[in-house]
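Residue numbers (full-length UniProt numbering): 1 to 182.
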């Protein structure tokens with residue numbers, strides 16, 4: 001009997017990535033397709049490929065809390081209009097922590113509550129204005145790591161869906177990954 005080829009423990013094979021990229025290439029470009037299924041499929045493939053690659057060359061793995069698509073109104077930006085009128089911000093947070101005890105006990109005291117991380121994101125985005133999204137994301141990440149010592153790393157993505165650019169975009173934003181300092 002031959003041995004099966006070794007595969008990385010985390011993430012898909014190169015063959016899967018190549019197939020996903022080929023499938024994405026078959027979808028008509030955003031500008032020429034009016035089918036909403038195409039844009040949803042394209043975003044799903046792009047998101048799956050991005051999530052498989054992050055975080056930072058596989059340094060993290062295992063359990064994480066996931067908060068996706070949180071929407072808040074804030075007054076962040078460099079332009080005066082952004083500071084005066086405000087706009088919608090979309091935030092995603094991944095927080096790496098061991099969830100085994102909570103899985104075994106089924107007790108909220110053995111984990112970090114999603115609502116606590118939600119409140120941190122809400123407080124930062126709806127709080128005092130920042131000039132840069134980088135600063136907004138950094139505040140969410142550092143507050144999360146400071147409040148919850150059991151979280152080993154946090155990834156924060158902050159997007160602006162309504163930006164003044166000449167072109168079609170879902171959003172523009174930043175994504176940061178911060179590790180607990182030893």
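By construction, the Cβ of each residue, glycine as well, lies at the ideal position given by its N, Cα and C atoms.
Residue i versus the options, residue with shortest Cα-Cα distance
i	options	result
residue 122	106, 93 and 105	93
residue 161	154, 153 and 133	133
residue 115	175, 144 and 81	144
residue 72	80, 87 and 79	87
residue 150	76, 171, 176 and 117	117
Minimum Cβ-Cβ distance from residue i to chain C less than 9 Å
i	result
residue 149	Annotation note: the requested chain C is absent from the structure, which comprises a single protein chain.
Distance between residue j and residue i (C-alpha atoms, nearest Å)
i	j	result
residue 130	residue 119	18 Å
residue 89	residue 74	7 Å
residue 169	residue 158	15 Å
residue 147	residue 112	10 Å
residue 85	residue 69	22 Å
residue 156	residue 181	17 Å
residue 178	residue 127	21 Å
residue 62	residue 82	39 Å
residue 125	residue 65	20 Å
residue 99	residue 106	10 Å
residue 79	residue 110	44 Å
residue 77	residue 171	14 Å
residue 176	residue 104	31 Å
Where residue i sits in the DSSP three-state scheme
i	result
residue 166	coil
residue 158	strand
residue 119	helix
residue 171	coil
residue 146	helix
residue 187	The chain is shown only over 1 to 182; residue 187 falls outside these bounds and no answer can be derived.
residue 103	helix
residue 181	coil
residue 65	strand
residue 98	coil
residue 151	coil
residue 125	helix
Beta carbon of residue i nearer than 9 Å to that of residue j
i	j	result
residue 91	residue 60	no
residue 142	residue 97	no
residue 174	residue 95	no
residue 108	residue 102	yes
* Asked: With a cut-off of 8 Å, do at least 3 Cβ pairs link the segment 162-171 to the segment 130-144?
  -> Judged by Cβ distances under 8 Å, the segment 162-171 makes no contact with the segment 130-144, as fewer than three pairs qualify.
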